[in-house]
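Here's the structure we're looking at; comments come further down.
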Amino acid sequence: TQLLEQSPQFLSIQEGENLTVYCNSSSVFSSLQWYRQEPGEGPVLLVTVVTGGEVKKLKRLTFQFGDARKDSSLHITAAQPGDTGLYLCAGAGGGGSYIPTFGRGTSLIVHP
Amino acid sequence: EAQVTQNPRYLITVTGKKLTVTCSQNMNHEYMSWYRQDPGLGLRQIYYSMNVEVTDKGDVPEGYKVSRKEKRNFPLILESPSPNQTSLYFCASSFGQFNGYTFGSGTRLTVV
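Heads up: the sequence lines are chains A and B, in that order. Under the numbering used here, the first residue of the first sequence carries the number 67, and numbering increases by one thereafter. Under the numbering used here, the first residue of the second sequence carries the number -12, and numbering increases by one thereafter.
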């Protein structure tokens, strides 16, 4: 199974700040997803990116897939307490395998 | 409402007592998976299924069984649970191998 490294592991910021979370791998993926998970609940899909260099926006969240399809970033503008949660990236189709691989996540806390 | 339903949400059992966690999806998805989530280890895939009667092992299949007799159901069976199977379990489904997953709300299992 291909490894997806997420950084930072933990992030604690004040409301209104901007932040970027990274997801890196040595493998090329056919697609990459970002999820947000709240304590005790299942991950919820935010976005899927499939094309190298692709940028998708979801309100204050901007997702980018690297040109080589090995990495991705999630940028949040003007973070709010409601953005608090565990952000997970997952890659599919890496190394010819169709088994999706999850990173270990970035735990974000946004303080009011 | 499109959803993945897992039952039970919480389960405490004793070592060696067979148990089944049920999973059902109403989206006609072909792909279904079981994951376990442990602190510091992230989401790890146990088993997955590409369609009815087609299942395969994920990263951590030891001690688990699955079956896919119908498209909508994908139960997880622990024939002889052990304390190291104490974890938070998620069932998920997807309509394509490169698409994102819809997750259930999770089953918190404690084996004593």
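Think of the CB as a built atom: it goes at the ideal place given N, C-alpha and C, for glycine as much as any other residue. Model, not experiment: these values are computed from the prediction.
Assuming K136 of chain A contacts S97 of chain A (C-beta within less than 8 Å), just tell me the rounded distance between them.
-> Taking the Cβ atoms as the reference, K136 of chain A lies roughly 13 Å from S97 of chain A, outside the contact range of under 8 Å.
By DSSP, does Q146 of chain A sit in helix, in strand, or in coil?
-> coil
So which residues of chain A does S92 of chain B contact, with C-beta pairs closer than 7 Å?
-> E107, G108
Are at least three pairs of beta-carbons, each pair with one atom in the stretch 2 to 14 of chain B and one in the stretch 33 to 44 of chain B, less than 8 Å apart?
-> no
Chain B contact for Q75 of chain A (CB, 7 Å cutoff) = no
Going along chain A in order, which residues have a C-beta closer than 8 Å to the C-beta of F82 of chain B?
-> The contacting residues do not exist; F82 of chain B stays about 12 Å from chain A at best.
If the cut is a Cβ gap below 7 Å, which residues of chain A does N15 of chain B touch?
-> Correct list: empty, because the minimum Cβ distance to chain A is about 17 Å.
For G3 of chain B, which residues in chain A fall below 8 Å Cβ to Cβ?
-> Simply none; closest approach about 27 Å.
Nearest to L85 of chain A (by Cα), restricted to the options A:R170, A:H141, A:F131 = A:H141
So, E66 of chain B versus K4 of chain B, is the Cβ gap smaller than 7 Å?
-> no
Cα-Cα separation between A134 of chain A and F95 of chain A, rounded to whole angstroms | 9 Å
Would you verify that the beta carbon of L(-2) of chain B is, or is not, closer than 7 Å to some beta carbon of chain A?
-> False, the Cβ-Cβ gap to chain A never drops below 7 Å.
Does F168 of chain A come within less than 7 Å of chain B when only Cβ atoms are used?
-> Chain B contact via Cβ: present.
Could you confirm whether any beta carbon from chain A is found closer than 7 Å to the beta carbon of F61 of chain B?
-> no
Apply the 10 Å Cβ neighbour rule to Y51 of chain B and answer buried if 16 or more other Cβ atoms are within range, or exposed otherwise.
-> buried
How would you list, in chain order, the residues of chain A whose beta-carbon sits under 7 Å from the beta-carbon of Q32 of chain B?
-> Residues of chain A passing the Cβ test: I165.
Do F77 of chain B and G108 of chain A come within 7 Å of each other at the CB atom, strictly closer than that value?
-> yes
Would you identify the three-state DSSP class for Q72 of chain B, choosing helix, strand or coil?
-> helix
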